[in-house]
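Reviewing the structure listed below.
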Amino acid sequence: MIAMIAGRVGASPFRIMVVESIALAAVITAVAAARWPLVDAAYRRAGFSVFGYAAVLLAAPVVLLVITGYVDLLARAVGVQAPGELAGFDGHSLAWAVAVIAVVPPLFEELAFRGLMFGALRTLRRSEIYVISSFAFAMLHLSIPSLLTHMPLGLYLCWLRERSRSVWPSTFAHFCHNFGVIVAELYGWT
Numbered sequence: 054m055i056a057m058i059a060g061r062v063g064a065s066p067f068r069i070m071v072v073e074s075i076a077l078a079a080v081i082t083a084v085a086a087a088r089w090p091l092v093d094a095a096y097r098r099a100g101f102s103v104f105g106y107a108a109v110l111l112a113a114p115v116v117l118l119v120i121t122g123y124v125d126l127l128a129r130a131v132g133v134q135a136p137g138e139l140a141g142f143d144g145h146s147l148a149w150a151v152a153v154i155a156v157v158p159p160l161f162e163e164l165a166f167r168g169l170m171f172g173a174l175r176t177l178r179r180s181e182i183y184v185i186s187s188f189a190f191a192m193l194h195l196s197i198p199s200l201l202t203h204m205p206l207g208l209y210l211c212w213l214r215e216r217s218r219s220v221w222p223s224t225f226a227h228f229c230h231n232f233g234v235i236v237a238e239l240y241g242w243t
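So for the sequence shown, my numbering puts the first residue at 54; every next one is plus one.
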């Protein structure tokens, strides 16, 4: 999707991704600043002990394996190979990929979906909050395969948010997943 947009406006996919990350961060930060009471409590506590975070870290490869396995099966069934996550970073430092893929999205997407949205929907039933937040999270990624992979990922992140009463565990899990995607692609595991 980014490559298609980049081609139409004459910009490199790398520049589009960087601008997109900055714009997303700016919009979410502005909304969060205006609606801080919705997220304040979720950022005040660590959420889990060191052992809880260790469990999230240990679960990360399993989550990544399930999602990459599904994506691989889908690609084989349809006969289409999606470009890798690192394709737009050719000729640029790996640090850029880590920042744009593994750091910025977890911080700001978790603020948006498990912070603001989760807080705004708290009058609904738990299942409704999970489904709405996870569906919105999946739709942000702009493709049907992403919808099918990111919906369950979003449900897992919602469960971490609720279980811990904090946004930090879901942010950490999101970072672990996205960083795992980078590592898997670098080593040819995808």
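Using N, Cα and C, we set each Cβ at its ideal position, and we do this for glycine too.
Counting the other CB atoms within 10 Å of its CB gives Y240 a total below 16, which places it among the exposed residues. In the DSSP assignment, T121 falls within the alpha helix (DSSP H) that extends over V103 to V131. Ranked by how close their Cα comes to the Cα of V119, the residues H230, I235 and V236 have H230 in first place.
Around the C-beta of E181, fewer than 16 other C-beta atoms lie within 10 Å, and the residue is accordingly described as exposed.
A straight line joining the alpha-carbon of A99 with that of A107 spans about 13 Å. Across the set A226, L164 and M70, the C-alpha of A226 shows the shortest separation from the C-alpha of A113. DSSP places D143 in the coil class of the three-state scheme, outside both helix and strand.
A residue is called buried when at least 16 other Cβ atoms come within 10 angstroms of its Cβ; A79 does not meet this threshold and is exposed. A148 and A155 have their C-alpha atoms spaced approximately 10 Å apart. At the C-beta level, T202 and V124 come within 9 Å of one another. Cβ contact annotation for F104 (same chain, cutoff 8 Å, sequence separation greater than five): none.
Here the C-alpha atom of R218 lies approximately 10 Å from the C-alpha atom of G168. E138: not part of any alpha helix (DSSP H); DSSP gives it neither H nor E. Spanning the alpha carbons of P198 and Y96 requires a straight line of approximately 31 Å. For A140, the closest alpha carbon among the candidates A128, A130, V153 and M204 is that of V153. By alpha-carbon distance to A86, the top candidate from A237, G137, V109 and A165 is A165. For Y209, the three-state secondary structure derived from DSSP is helix.
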